[in-house]
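Asker: Structure provided below as structure tokens; questions to follow.
In the numbering used here, the protein residues as written are 1 to 292.
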């Protein structure tokens, strides 16, 4: 009798997994919901001994396989070099950005008290020269104006669907709300996506996803506020993700801030970037996962 109950429960789990496609369950959100429900059923089967353990193990492997949207590790980098410059594939292309043995890849860009907040397009056009300088080869190591935006690039192939995760820290700096830290991917020229994090005077930060054209024009894809503090040197995990369908999302820690579809770029990206518009920031590590 118990074997029959186990078999029946197993059949119900399998039915739950296969019924959704028959009901036209398509899209990233529905797939995520299906996998969550399947995971809950598997956990129930495990804790209450409702199905054969080997059967549950097979279901778990199946759920994990379809739940991994970005199976390929593109970059897994710790900024722990003892030299002044980061290890390959990262290259300093503009501004004052150096290795800090205790914090990672650090940049401090000062903001004049009399300075006005620059527009997204103004900063994008300032940074474009740093990206285009790849053609010159080598690291840009000469001294720079302390108010000049800082830029580091990793010229690596990144699939159109990707997940970028980084741990960052920030320290309070006067006028930091006029600057911000950017993490993102780029194609030839300056085109690509950038996630901009800007501390707010009242606390927390504003997180904005920008789509940047090759000419430096920018468009806001989505934005949201977070309570994460970027000024007390506390490590903050930031994630920017793009699914094969074009659904893009941003998260700080385990909190997803927004998810929206964007089709601005359909080709692969030529690299990853870290840019400091103004403030005192450091990146401890970064991972990028993608698709084959």
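Note that CB positions come from ideal geometry on N, CA and C, so glycine has one too. Fair warning: this is a prediction, and the values are worked out from it, not measured in the lab.
Please determine, among 152, 177, 41, the residue with the shortest C-alpha to C-alpha distance to residue 98.
Answerer: Out of 152, 177, 41, 152 has the C-alpha closest to the C-alpha of residue 98.
Asker: Express the C-alpha separation of residue 73 and residue 278 in angstroms, rounding to a whole number.
Answerer: 31 angstroms
Asker: Check the DSSP bridge columns for residue 293 and list the partner residues they point to.
Answerer: Only positions 1 to 292 of the chain appear in this structure, which leaves residue 293 out of reach.
Asker: Which term fits residue 40, buried or exposed, when burial requires 16 or more other beta carbons within 10 angstroms of its beta carbon?
Answerer: exposed
Asker: Check for me: the beta strand (DSSP E) holding residue 181 runs from which residue to which?
Answerer: 180-186
Asker: According to DSSP, simplified to helix, strand and coil, what is residue 226?
Answerer: Residue 226 sits in a strand when the DSSP states are folded into three classes.
Asker: Check residue 263 in the structure and name its three-state DSSP category.
Answerer: coil
Asker: Please report the straight-line C-alpha distance between residue 189 and residue 68, rounded to a whole angstrom.
Answerer: 31 angstroms
Asker: If you pair each beta-carbon of the stretch 147-164 with each one of the stretch 233-247, do three or more pairs fall below 8 angstroms?
Answerer: yes
Asker: In chain order, what residues of the same chain have a beta carbon less than 7 angstroms from the beta carbon of residue 101, not counting five sequence neighbours either side?
Answerer: 82, listed in sequence order.
Asker: Nearest by alpha-carbon distance to residue 103: which of 275, 284, 272 is it?
Answerer: 284
Asker: Where residue 170 and residue 287 are concerned, what is the direct C-alpha to C-alpha distance, given to the nearest angstrom?
Answerer: 19 angstroms
Asker: Considering Cα atoms alone, identify which of 92, 48, 80 is closest to residue 155.
Answerer: 92
Asker: Cβ atoms of residue 236 and residue 224: under 7 angstroms apart, would you say?
Answerer: no
Asker: Just list the alpha helix (DSSP H) runs in the stretch 32-78, keeping only unbroken ones of 4 residues or longer that don't cross its boundaries, in chain order.
Answerer: 53-67
Asker: With DSSP as the reference, label residue 177 as helix, strand or coil.
Answerer: helix
Asker: Excluding the 5 residues preceding and the 5 following residue 146 in the sequence, name in chain order all residues of the same chain whose CB lies nearer than 8 angstroms to its CB.
Answerer: These residues qualify, in order along the chain: 96, 108, 109, 110.
Asker: Can you give me the start and stop residues for the beta strand (DSSP E) that residue 253 sits inside?
Answerer: Where residue 253 is concerned, there is no enclosing beta strand (DSSP E), because DSSP gives it neither an H nor an E.
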